[in-house]
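Counting from 1, position 3 in the sequence shown corresponds to residue 3 in full-length UniProt numbering; the numbering is continuous, with no gaps.
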Amino acid sequence: MNPLAAAARAGLRRGVIEFKQSFITAQDLVGLVVPNLILIIVMIFMRGSTVGTTGFSLGTMSLSGVLGMSVAFSGMMTVMQHLTIEREDGTLLRAKALPNGMFGYLVGKVVVVSGLTVVGLLAILIPGLFLFDGLAFDTVGSWLTLIWVLVLGLMATMPIGAVLGSMFSNPRNAGVTMLPVMGLVAISGIFVPLTEMASWLQPIGQLFPIYWLGLGMRSALLPDQLVVVEIGQSWRHLETVGVLGAWAIAGFIVAPIILRRMARRESGAALAQRREKALQRIT
């Protein structure tokens with residue numbers, strides 16, 4: 001068997017095992033359930049508000065944006081957290097020691113993060129279909145749009161998470177990235193249409209994949225008349241494919257280079273030094 005194919009199969013098995021373990025680990029279950037429950041509660045309180053002069057429920061509109069934000073967070077933050085934690089506990093060092101081990105490791109991460117993202121998305125979407133009126137998610141076209149936006153969104157955001165994860169050797173320091181990510185969420189039109197924000201913020205929000213994930217999800221779930229509150233009064237599917245595709249291509253070019261450099265710096269001595277520092281912090 002081809003060495004890369006063997007590493008891919010090993011990574012696939014590893015990803016499936018980690019995915020299953022996520023549902024029998026209390027910490028992982030809390031991390032999966034609680035944030036989604038909070039988001040649903042927030043959107044329920046927003047049902048009484050309307051979007052501009054359309055009379056459409058802001059809570060219903062926010063559901064689609066929250067789905068896009070969920071995919072973006074899973075792609076970026078989950079990958080980053082896995083890398084930083086497994087770099088500190090020696091998992092990456094062990095993967096590096098195997099033939100094509102880093103390739104297999106990355107395959108496993110793609111499998112587990114993609115699986116958890118789909119579960120998280122369904123955990124919001126399924127109750128949302130019953131709680132919020134006005135959704136137009138009843139055609140094959142809507143499902144197909146949801147699927148391609150989800151796939152492209154993960155391809156655009158997971159390399160970003162890998163790059164961010166390679167920057168931090170200590171998982172405690174990785175939390176500083178939450179501030180800029182939350183800032184991007186704030187200017188990406190997730191809870192409030194981007195057209196309602198200052199004109200100088202709109203081009204900035206459109207540079208990043210979070211806005212386009214939200215727009216793509218809105219185009220899949222919302223009725224066509226809601227397009228009037230979007231920029232250019234269009235769902236801009238071609239632009240969504242273009243921007244998310246550009247981020248995906250750039251990410252898959254840059255992320256492997258950075259990850260290889262990070263892996264080359266991994267050694268038993270570096271791991272021991274990090275553990276020593278961790279022990280000093282505890283004591």
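Don't be surprised by glycine CBs; every beta carbon is placed ideally from N, CA and C.
How many Å lie between residue i and residue j at the Cα?
i: Pro99; j: Ala250; result: 26 Å
i: Asn2; j: Val110; result: 20 Å
i: Gly108; j: Ser64; result: 28 Å
i: Ile160; j: Met76; result: 6 Å
i: Val79; j: Ser188; result: 21 Å
i: Arg9; j: Leu129; result: 37 Å
i: Asp89; j: Ala6; result: 25 Å
i: Phe252; j: Val30; result: 31 Å
i: Val181; j: Val241; result: 22 Å
i: Gly216; j: Met167; result: 30 Å
i: residue 289; j: Met197; result: Residue 289 cannot be examined here, being either before or after the span of the chain that is shown, 1 to 283.
i: Gly15; j: Thr25; result: 15 Å
i: Leu184; j: Leu58; result: 20 Å
i: Lys96; j: Trp247; result: 27 Å
i: Leu122; j: Arg87; result: 30 Å
i: Met43; j: Phe132; result: 9 Å
i: Phe137; j: Tyr105; result: 36 Å
i: Leu135; j: Gln233; result: 18 Å
i: Asp28; j: Leu164; result: 21 Å
i: Leu179; j: Val192; result: 19 Å
i: Ile257; j: Phe208; result: 22 Å
i: Arg13; j: Val243; result: 32 Å
i: Gly115; j: Trp200; result: 37 Å
i: Leu150; j: Ser22; result: 21 Å
i: Asp224; j: Arg236; result: 12 Å
i: Ile41; j: Gly245; result: 33 Å
Would you call the CB atoms of residue i and residue j closer than 8 Å?
i: Ala220; j: Thr145; result: yes
i: Leu194; j: Met61; result: no
i: Leu226; j: Phe19; result: no
i: Met69; j: Ile210; result: yes
i: Gly153; j: Leu213; result: yes
i: Leu83; j: Ala162; result: yes
i: Val228; j: Thr54; result: yes
i: Gly120; j: Ser74; result: yes
i: Met155; j: Leu259; result: no
i: Leu67; j: Leu125; result: yes
i: Thr177; j: Ala72; result: no
Over what stretch of residues does the alpha helix (DSSP H) that includes residue i continue unbroken?
i: Phe130; result: Gly101 to Leu131
i: Arg47; result: It is not in any alpha helix (DSSP H) - Arg47 carries neither H nor E in the DSSP assignment.
i: Leu150; result: Val140 to Ser166
i: Met80; result: Val79 to Glu88
i: Ala95; result: Thr91 to Lys96
Since residue i sits in a beta bridge, which residues does DSSP pair it with?
i: Ser57; result: Thr50
Query raised in the report: Whole alpha helix (DSSP H) runs in the region 168-248 with 4 or more residues, listed along the chain?
Result: Counting only runs of 4 or more, we get 178-186, 201-205 and 209-221.
Requested in this report: With a floor of 3 residues, list each beta strand (DSSP E) that falls wholly inside the region 11-44, ordered by position along the chain.
Outcome: Segments of the beta strand (DSSP E) lying fully in the region 11-44: there are none.
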